[in-house]
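The sequence shown begins at 110 in our numbering and counts up by one.
Virtual Cβ for every residue (Gly too), placed ideally from N, Cα, C.
The structure presented is a predicted model; accordingly, all values stated were derived computationally and were not measured.
The structure appears right after this line, and notes come after that.
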Amino acid sequence: MPGGCGTLGAEVSPMDRKYRQRGYQDNAPSTPRGGGSFDDRPARLEGAPRGRSAGRPSEEVFRCRTCHEKNDPEVALAALCVKCGAALHACAQCRHFDGGAPFQCRQPVPAPVSAKSRANECTFYEPAVTLDLTGRKATDTPDQARSAFDALFGRKK
Numbered sequence: 110m111p112g113g114c115g116t117l118g119a120e121v122s123p124m125d126r127k128y129r130q131r132g133y134q135d136n137a138p139s140t141p142r143g144g145g146s147f148d149d150r151p152a153r154l155e156g157a158p159r160g161r162s163a164g165r166p167s168e169e170v171f172r173c174r175t176c177h178e179k180n181d182p183e184v185a186l187a188a189l190c191v192k193c194g195a196a197l198h199a200c201a202q203c204r205h206f207d208g209g210a211p212f213q214c215r216q217p218v219p220a221p222v223s224a225k226s227r228a229n230e231c232t233f234y235e236p237a238v239t240l241d242l243t244g245r246k247a248t249d250t251p252d253q254a255r256s257a258f259d260a261l262f263g264r265k266k
């Protein structure tokens with residue numbers, strides 16, 4: 110069969126291919142792309158920055174899950190949010206709260222708590238502390254910024 114695909118043992122010429130540009134169905138490279146596997150890279154040092162937020166100013170804060178206001182991470186049994194008044198010693202404010210876990214808690218609680226937003230006396234309670242990546246607000250006024258700019262580049266008089 111001249112020019113047909115049914116020839117056995119025949120070498121396929123580049124003109125017989127569906128896509129004729131270079132690189133399509135060439136011989137596979139002897140090494141995988143990327144230069145190696147994930148196992149070959151060195152282990153990350155303890156305390157070294159990781160991820161995109163490396164080096165960003167951040168602090169650990171406890172925020173109310175109702176209004177997102179910052180609160181003191183030392184939570185008493187009767188503590189309330191300073192902004193909305195929601196109970197802070199509640200399942201909904203706990204770091205172990207998980208809607209997909211049994212009794213909606215990642216700890217081995219003996220019985221379910223019916224109202225997750227009400228205060229309770231759970232012994233497993235820990236406030237849900239997160240990283241605040243918004244940084245700190247500048248304390249400089251516009252006049253201070255302008256004078257710093259003038260001091261740096263010099264003001265022409």
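- Three or more beta-carbon pairs separated by less than 8 Å are not found between the stretch 166-184 and the stretch 209-225, which leaves the two stretches without contact.
- In the assembly as shown, residue 236 is a buried residue. Its beta-carbon has 16 or more other beta-carbons within 10 Å.
- Taken through DSSP and simplified to helix, strand or coil, residue 201 comes out as helix.
- Residue 210 sits in coil when the DSSP states are folded into three classes, being neither helix nor strand.
- With a 10 Å radius around the Cβ and a threshold of 16 neighbouring Cβ atoms, residue 197 comes out buried.
- The alpha-carbon separation between residue 213 and residue 183 amounts to approximately 23 Å.
- Excluding its 5 nearest sequence neighbours in each direction, residue 234 has C-beta neighbours in its own chain below 7 Å: 198, 203, listed in chain order.
- Rounded to the nearest whole angstrom, the CA to CA distance from residue 172 to residue 155 is 28 Å.
- If you check the CB distance, residue 238 and residue 170 come in under 8 Å.
- Between residue 225 and residue 193 the beta-carbon gap is near 16 Å, outside 8 Å, which marks them as no contact.
- One alpha carbon belongs to residue 195, the other to residue 242, and they sit about 24 Å apart.
- Look at residue 251 here: in three-state DSSP terms it is helix.
- For residue 233, there is no enclosing beta strand (DSSP E), as DSSP gives it neither H nor E.
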